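Student: No gaps in the numbering here: position 61 of the sequence shown is 949 in the numbering used here, and each next residue is one more.
Ideal Cβ positions, reconstructed from N, Cα and C, are used throughout, including at glycine.
This structure is a prediction, so every number in the text was calculated from the model and none was measured.
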Amino acid sequence: MALRIRMPKLMLALVLALGLPCAGAAADEVPSAKLKLQSSAALVLDQGSGRVLYGKNTHAIVPIASITKLMTAMVVLDANLDPNEPVAITEDDVDNLRGTHSRLKVGTALAREDLLRLALMASENRAASALARAYPGGRESFVQAMNLKAQLLGMSGSRFSDSTGLSSANVSTAEELSRLVSEAYRYDKIREHTTAAGYEVNAGGRRLAFRNTNGLVSSRGWDIGVSKTGFINESGRNLVMQATLAGRAVVIVLLNSWGKYSRQGDAQRIRKWLEVAAGVAPAPRRTVSGRARRHLSSSATGGDPSG
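1) In the DSSP output, which residue or residues are listed as bridge partners for Gln1130?
2) Under a three-way DSSP split, which group does Arg1063 fall into?
3) Cutting at 8 Å between CB atoms, please list the residues of its own chain near Tyr1075, excluding the five before and the five after it.
4) Between the region 972-987 and the region 933-947, do at least 3 Cβ pairs fall closer than 8 Å?
5) With a cut-off of 8 Å on the beta carbons, I'd call Arg1151 and Asn1126 a contact; round off their distance for me.
6) Would you decide whether Leu1036 is buried or exposed? Buried here means 16 or more other CB atoms lie within 10 Å of its CB.
7) Just reading off the beta strand (DSSP E) that Phe1213 is part of, what are its end residues?
8) Assuming Glu1064 contacts Gly1045 (C-beta within less than 8 Å), just tell me the rounded distance between them.
9) Compare the C-alpha of Arg991 against each of Val932, Glu1012, Val1105 and name the closest.
10) DSSP three-state call for Leu1004: helix, strand or coil?
11) Got a sec, what are the start and stop residues for the beta strand (DSSP E) Gly1086 sits in?
12) What's the gap between the Cα of Ser1051 and the Cα of Ala1016?
13) In chain order, which beta strand (DSSP E) runs of at least 3 residues are fully inside the region 954-1025?
14) Excluding the five sequence neighbours on either side, which residues of its own chain have a C-beta within less than 8 Å of the C-beta of Glu1071, listed in chain order?
15) Please say whether Trp1146 and Gly1118 have beta carbons closer to each other than 9 Å?
16) Grab me the residues of Asp981's own chain with a C-beta within less than 6 Å of its C-beta, minus the 5 sequence neighbours each way, in chain order.
17) In this structure, does DSSP put Ala1188 in helix, strand or coil?
18) Report all residues from its chain with a CB closer than 6 Å to the CB of Lys922; omit the five preceding and five following residues, and keep chain order.
19) For Ile1112, which residues from the same chain have a beta carbon less than 6 Å from its beta carbon, with the 5 sequence-adjacent residues on both sides left out?
20) What separation, rounded to the nearest whole angstrom, lies between the Cα atoms of Met1009 and Thr956?
21) Just list the residues that DSSP pairs Ala948 with in beta bridges.
22) Which of the three DSSP states, helix, strand or coil, is assigned to Ala913?
23) Roughly how many angstroms lie between the CA atoms of Met959 and Leu1096, to the nearest whole one?
24) Could you tell me the boundaries of the beta strand (DSSP E) in which Val1168 lies?
25) Determine the DSSP secondary structure at Asp1076, reduced to helix, strand or coil.
26) For Ser937, which of Leu998, Val1168, Ala1137 has the nearest alpha-carbon?
27) Look up Leu925 in the DSSP assignment and say whether it is helix, strand or coil.
Next up, the structure:
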């Protein structure tokens, strides 16, 4: 059984930086030795065959931040709760752990599905908190359901302690997160909400616009089925996706990426790597404007501290 890793973020980064691509990870005529990523732990999985195309520190147990919200969504959807039932934001949903900002003021009531959409697309922490609080049996039962779901998926090294991912006690591995993403892909609502570019809600008479924390969902040449970002200081910047690249359905897991744009950069490197291996001409690179670059790195309002 893998040992849980508990260490300061700099030590974690150092340990993971010493890792090499997993032996035997190359498969399906894709040479992993030719792919170098900045993320400290990473995995590229062929969704059709289940083969690992690239692996780096795939079994290191690390904090996963708001990637947690994919599990949150599955627990909510598995419960078959009324999607139209209004759920109000309360003081209990305010983040007192990290002090993240939210435009969902206390007293705001939204349909459960709107909260789910904002939790997934914009990584809204108060939305994710309210979903757990409004679950039958409350937060304790919700977290139990999260961990039971993880066990059923064979995620033996993963632990969940809250619905938002703000706690560093939410941990997993790159390999186990590939299972999480593959399972999340089976849910129509998760595919829909995680890949929406933006959404507006009516919050107490105010129209609030939210954007996706992953700018790649609206970028040319990307066919993304599931997307989720995550960040807390202990985890670095994380990104998981299901995408079809060069005609191949893949699951991508990128963990502990510390540069502002390195997780998106790693995703682009993976895309080019697969296109070259398939003999597909890489799509022309588009100049990223300052505004778009700010969007790629900006925090979702009330969501991941840095998207």
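Tutor: According to the data block:
1) Val1114, Val1139
2) One detail in the question is off: residue 1063 reads as Glu in this sequence, not Arg. Helix.
3) These residues qualify, in order along the chain: Ala961, Met962, Leu965.
4) The region 972-987 makes no contact with the region 933-947, as fewer than three CB pairs between them are under 8 Å.
5) 7 Å
6) By the neighbour-count definition (other C-beta atoms within 10 Å, threshold 16), Leu1036 is an exposed residue.
7) Residue 1213 is absent from the model: the chain starts at 889 and stops at 1195.
8) The distance from the Cβ of Glu1064 to that of Gly1045 is about 6 Å, consistent with a contact at the 8 Å cut-off.
9) Glu1012
10) helix
11) Residues 1086-1091.
12) 6 Å
13) Runs of the beta strand (DSSP E) inside the region 954-1025: 974-976, 997-999.
14) Met962, Leu1041
15) no
16) Arg1014, Ser1017, Ala1018
17) Since pLDDT at Ala1188 reaches only 34, below the 50 mark, its modelled position is unreliable, and no value is offered.
18) Cβ neighbours of Lys922 beyond the five flanking positions: none.
19) Around Ile1112: Thr1083, Val1105, Met1129, Ala1131.
20) 13 Å
21) Ala948 is bridged by DSSP to nothing; it lacks a bridge partner.
22) Residue confidence for Ala913 is low, a pLDDT of 39 falling below 50, so the modelled location carries little weight; the figure read from the coordinates is stated next. DSSP places Ala913 outside both helix and strand once states are collapsed to three, so it counts as coil.
23) Within the model, the alpha-carbon separation for Met959 versus Leu1096 is close to 25 Å.
24) Val1168 -> no beta strand (DSSP E), and no H or E assigned at all.
25) helix
26) Ala1137
27) coil
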